[in-house]
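Participant: Numbered continuously in the numbering used here, the sequence shown closes out at residue 456.
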Amino acid sequence: MNILILGGGGREHALAWAVLQNPKCDKLIVAPGNAGIAQIAECAVLDILDAEAVLSFAGDNLIDFVIVGPEAPLAAGVSDVLRKAGFTVFGPSQAAAELEASKRFTKEICDAANAPTAGYAHFTEAEPARAYIRENGAPIVVKADGLAAGKGVIVAMDETTALAAIDDMFGGTFGAAGAEVVIEEFMDGEEASLFVLSDGETILPIGTAQDHKRIGEGDMGLNTGGMGAYSPAPVLTDAITQQALDEILRPTMAEMARRGMPYQGVLYAGLMIQDDRARLVEYNVRFGDPECQVLMMRLGAQAMDLMQAAAEGRLAEARVNWADDHAMTVVLSAAGYPGDYAKGEVIGGLEDLTEDSSHMMFHAGTERAEGAYVSNGGRVLNATARAATLQEARDRAYALADQVDWPGSYVRRDIGWRAL
Ligand code: AMP
Ligand code: GLY
Numbered sequence: 037m038n039i040l041i042l043g044g045g046g047r048e049h050a051l052a053w054a055v056l057q058n059p060k061c062d063k064l065i066v067a068p069g070n071a072g073i074a075q076i077a078e079c080a081v082l083d084i085l086d087a088e089a090v091l092s093f094a095g096d097n098l099i100d101f102v103i104v105g106p107e108a109p110l111a112a113g114v115s116d117v118l119r120k121a122g123f124t125v126f127g128p129s130q131a132a133a134e135l136e137a138s139k140r141f142t143k144e145i146c147d148a149a150n151a152p153t154a155g156y157a158h159f160t161e162a163e164p165a166r167a168y169i170r171e172n173g174a175p176i177v178v179k180a181d182g183l184a185a186g187k188g189v190i191v192a193m194d195e196t197t198a199l200a201a202i203d204d205m206f207g208g209t210f211g212a213a214g215a216e217v218v219i220e221e222f223m224d225g226e227e228a229s230l231f232v233l234s235d236g237e238t239i240l241p242i243g244t245a246q247d248h249k250r251i252g253e254g255d256m257g258l259n260t261g262g263m264g265a266y267s268p269a270p271v272l273t274d275a276i277t278q279q280a281l282d283e284i285l286r287p288t289m290a291e292m293a294r295r296g297m298p299y300q301g302v303l304y305a306g307l308m309i310q311d312d313r314a315r316l317v318e319y320n321v322r323f324g325d326p327e328c329q330v331l332m333m334r335l336g337a338q339a340m341d342l343m344q345a346a347a348e349g350r351l352a353e354a355r356v357n358w359a360d361d362h363a364m365t366v367v368l369s370a371a372g373y374p375g376d377y378a379k380g381e382v383i384g385g386l387e388d389l390t391e392d393s394s395h396m397m398f399h400a401g402t403e404r405a406e407g408a409y410v411s412n413g414g415r416v417l418n419a420t421a422r423a424a425t426l427q428e429a430r431d432r433a434y435a436l437a438d439q440v441d442w443p444g445s446y447v448r449r450d451i452g453w454r455a456l
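1. So P128 packs on S115, CB below 8 Å; how close in whole Å?
2. Using 10 angstroms around the beta-carbon of K120, count the other beta-carbons present and answer buried if the total reaches 16, otherwise exposed.
3. Confirm the yes/no value for this check: CB of G306, any heavy atom of the ligand AMP, distance under 7 Å.
4. With burial defined as no fewer than 16 other Cβ atoms inside 10 Å of the residue's Cβ, what is the status of P109: buried or exposed?
5. Helix, strand or coil for E391? Go by DSSP, reduced to three states.
6. Leaving out five residues on either side along the sequence, give the residues of the same chain with a beta carbon under 6 Å from the beta carbon of G225.
7. At 3 residues or longer, what runs of the beta strand (DSSP E) sit wholly inside the region 57-103?
8. For a test of the three-state rule: what should DSSP assign to F141, helix, strand or coil?
9. Ignoring anything shorter than 4 residues, give me the alpha helix (DSSP H) runs that lie fully in the region 366-449, in order along the chain.
10. Cα separation between G211 and I190?
11. Name the residue from A339, E253, R448, A359 whose alpha carbon lies nearest to the alpha carbon of L351.
12. Find the nearest neighbour of I73 within the set G44, D62, G254, judged by alpha-carbon distance.
13. Can you tell me whether R460 is helix, strand or coil according to DSSP?
14. Taking A419 and M397 to be in contact with their CB atoms under 8 Å, please state how far apart those CB atoms are, rounded to whole angstroms.
15. What is the DSSP secondary structure of E48, counted as helix, strand or coil?
16. Give the straight-line distance between the Cα atoms of E391 and M332, rounded to the nearest whole angstrom.
17. Just the C-alpha distance for V117 and E428, rounded to the nearest angstrom, thanks.
18. Taking the CB atoms as reference points, tell me whether V104 and L64 lie closer together than 8 Å.
19. Sort L342, D247, L316, V271 by Cα distance to L240 and report the nearest one.
20. M193: beta carbon under 7 Å from a heavy atom of the ligand AMP?
21. Let me check understanding here. Comparing Cα to Cα, which of D312, N259, K249 lies closest to Q278?
22. Closer than 7 Å by C-beta to A165: which residues in its own chain qualify, once you throw out the five before and the five after it? Chain order, please.
23. Under the three-state reduction of DSSP, which class applies to V218: helix, strand or coil?
24. Do you know offhand how far G254's Cα is from Q130's?
25. Does DSSP classify G211 as helix, strand or coil?
26. Would you mind giving the Cβ-Cβ distance between L456 and L426, rounded to the nearest angstrom? I have them listed as a contact below 8 Å.
27. Is it true that the CB of M297 sits closer than 8 Å to the CB of S234?
28. At a threshold of 7 Å, does N38 count as lining the ligand GLY (C-beta to nearest heavy atom)?
29. May I have the straight-line CA-CA distance separating E403 from D181, to the nearest angstrom?
30. Could you tell me which residues DSSP pairs with I239 in its beta bridges?
31. Alpha carbon to alpha carbon, how far is A67 from I39?
32. State buried or exposed for P374, treating a residue as buried only when at least 16 other CB atoms are found within 10 Å of its CB.
33. With burial defined as no fewer than 16 other Cβ atoms inside 10 Å of the residue's Cβ, what is the status of E88: buried or exposed?
34. Does the beta-carbon of N418, which I'm using as the reference point, lie nearer than 7 Å to any heavy atom of the ligand GLY?
35. Around the ligand GLY, what residues have a beta-carbon under 5 Å from a heavy atom of it, in chain order?
36. Taking 7 Å as the cut-off, is the beta-carbon of F141 closer than that to any non-hydrogen atom of the ligand AMP?
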C-alpha cells in the first residue's frame, strides 16, 4: 500500500515509524514531515489545510490510505473531501471533529449521553459570564470555545483571574475561538488519557497515557503542549478504564452516530480521576503529542492494521496484541519555551544514536541546514524508550536524551513522577 501521513511533528514521526514496520507498507509519504521523518520516509511540501490540494496530491501519488495526524486538517474537512473521492482515510469527518473544535458541542454531547463531566454554562457575552463567575466563585475554569492551540483554557484559582480571563477572551485574545466561552466547575484529581479507535460503531481501547503539561518540575509553571509522557498510566486501573468506556466513550460514540455523524478515527479522552471514578475533561480527535510516541512504541507494526481496520469499518474483528511493557518519552525543548526561544541552533549527536524497537529519538521540530540538524520549534526532540518496567523505560529515555549535544535545550527531569 501507498500511505500518506499528514503532519510534521513528533506524533507523525512516531506514526511513520510504526507504519514502516508493517509489511503492508510499500511506500510512505509524510507531508510536510520534518528532518527526522526525512530519514525514514519521503517528505512532501503540501498545504495540508487545503483539502483540494491534498486530494490532487493523493491522486497523483497513487495513495491508498491517508492518516491525518493533527486536528487542524480534520477541522478543515480534509478527511471528508478525501473520503468522498473514494480514499480510505483514518480521521473523523469535519462534523465529528467538533468534539475537539468546540467545547460547547462536547458539553452538549455529554449532556445527551449522560456522560460524567464538569458542570458548565455557556456564554456569548461578557457581562452574564462575569455574573456567573461572581455567583459561583473560584476555583473555576474559563475556556474559549474554539481551537486555541491548547492555550484557551484558564484554570482560575481566584475570582480575579477568572474575570480577567473573561476580559481577555471577549477582548479578542483568542480571536474567533474566544467569541464563545464555556465556564466550568473546577475538577480536582489526577489526569490521565484514554485512547480508543472507533469505526463509527465499534470502539477499541488502544492504551492509556499520562502527559506532563507544565514546563517545570513538580508540574509547576506555564502550560505547554506536553513535556513528556508514559504509557500505561497506572491511575487508569482496569476498573476505571471500564467505567470510562461504559459511561463516557461508548455513550459519546452512540450519540454521535445517532446524530448522523458517526466518529471514525482515534478519540483521545482526557479524564480526571478522583475517588476511583473518571470524569471527562476534554476530547481530542487525534493522537496526543507526545502521547502518540509512547503508544506507537508499544503497539509497533500492528498500529497500521488497527488504523486501517478503523478506517474500513472492521474494528469488530480487530484485536490489540498487548505486550506487558512500559514506554516513556521525554521532550527536549528549546530553552525559553513556551515563551520566546531561539531557532536554528545546531544539534549534535543525533547521527550516533543507537535506535531500535525499544529506543527512538522522534523529531518534533528539526530541519537540516548546512549538513547539520538544527532546531526549528519549541518542542524539538522526543527521546522515547520501552522496557519491562517503567523505571527501566525512564532510565533508557533519559540516557537517550543525554546523548544529544545541544547546549540550548531544556528537559524536564521528573517525567513519570506520579507513577514511580
Ligand atoms: P482542555 O484543553 O479542556 O483539556 O484543558 C486543558 C487543561 O486544563 C486540562 O488538561 C486540565 O489540566 C485543565 N482543566 C480543564 N478543564 C478543567 C476542569 N473542569 N477542572 C480542572 N482542570 C481543568
Ligand atoms: N499532549 C497533549 C495534546 O496532544 O493535546
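All C-beta atoms in this analysis are idealised placements derived from N, C-alpha and C, irrespective of residue type, glycine included.
Facilitator: Working from what's here:
1. Confirmed, Cβ separation roughly 7 Å.
2. Classified as exposed, K120 has fewer than 16 neighbouring CB atoms from the shown chains inside 10 Å of its CB.
3. Yes, since a heavy atom of the ligand AMP falls inside the 7 Å radius drawn around the Cβ of G306.
4. So P109 counts as buried.
5. Residue state, collapsed to three classes: coil.
6. Sequence-distant Cβ neighbours of G225 in its own chain, meaning closer than 6 Å and more than five residues away, are M308, I309, Q310.
7. The qualifying runs are 63-68.
8. Annotated three-state conformation of F141 is helix, per DSSP.
9. The region 366-449 contains these whole alpha helix (DSSP H) runs: 426-438.
10. Taking the straight line joining both Cα atoms gives about 16 Å.
11. The shortest C-alpha separation from L351 is found at A339.
12. Among G44, D62, G254, the Cα nearest to that of I73 belongs to G44.
13. Limits of the chain in this structure are 37 at one end and 456 at the other, which puts residue 460 out of reach.
14. Rounded, the Cβ-Cβ distance is 6 Å, consistent with contact.
15. Note: E48 maps to helix in three-state DSSP.
16. Going by C-alpha positions, E391 is about 15 Å away from M332.
17. For V117 and E428, the distance between alpha carbons rounds to 45 Å.
18. Not in contact: V104 and L64 (Cβ atoms no closer than 8 Å).
19. Its Cα nearest to that of L240, the residue L342 stands out among L342, D247, L316, V271.
20. It does not: the Cβ of M193 is nowhere closer than 7 Å to a heavy atom of the ligand AMP.
21. When each option's Cα is compared against that of Q278, the closest is D312.
22. The residues are F159, I202, V217, I219.
23. The DSSP-derived three-state label of V218 is strand.
24. Using only the alpha carbons, I get a separation of about 37 Å.
25. If DSSP states are grouped into helix, strand and coil, G211 belongs with the helices.
26. Right, the Cβ-Cβ distance comes to about 6 Å (below 8 Å), so this counts as a contact.
27. Contact flag unset, no.
28. Checking the Cβ of N38 against the ligand GLY gives no.
29. Going from the Cα of E403 to the Cα of D181 covers about 34 Å.
30. According to DSSP, I239 bridges with S234.
31. In this structure, the straight-line span from the alpha carbon of A67 to that of I39 is close to 11 Å.
32. It is buried - the Cβ of P374 has at least 16 other Cβ atoms within 10 Å.
33. In this structure E88 is exposed. Its beta-carbon is surrounded by fewer than 16 other beta-carbon atoms within 10 angstroms.
34. No heavy atom of the ligand GLY is found nearer than 7 Å to the CB of N418.
35. Output, sorted by chain position: D247, G262, G324, D325.
36. Set against 7 Å, the gap from the CB of F141 to the closest heavy atom of the ligand AMP is not smaller.
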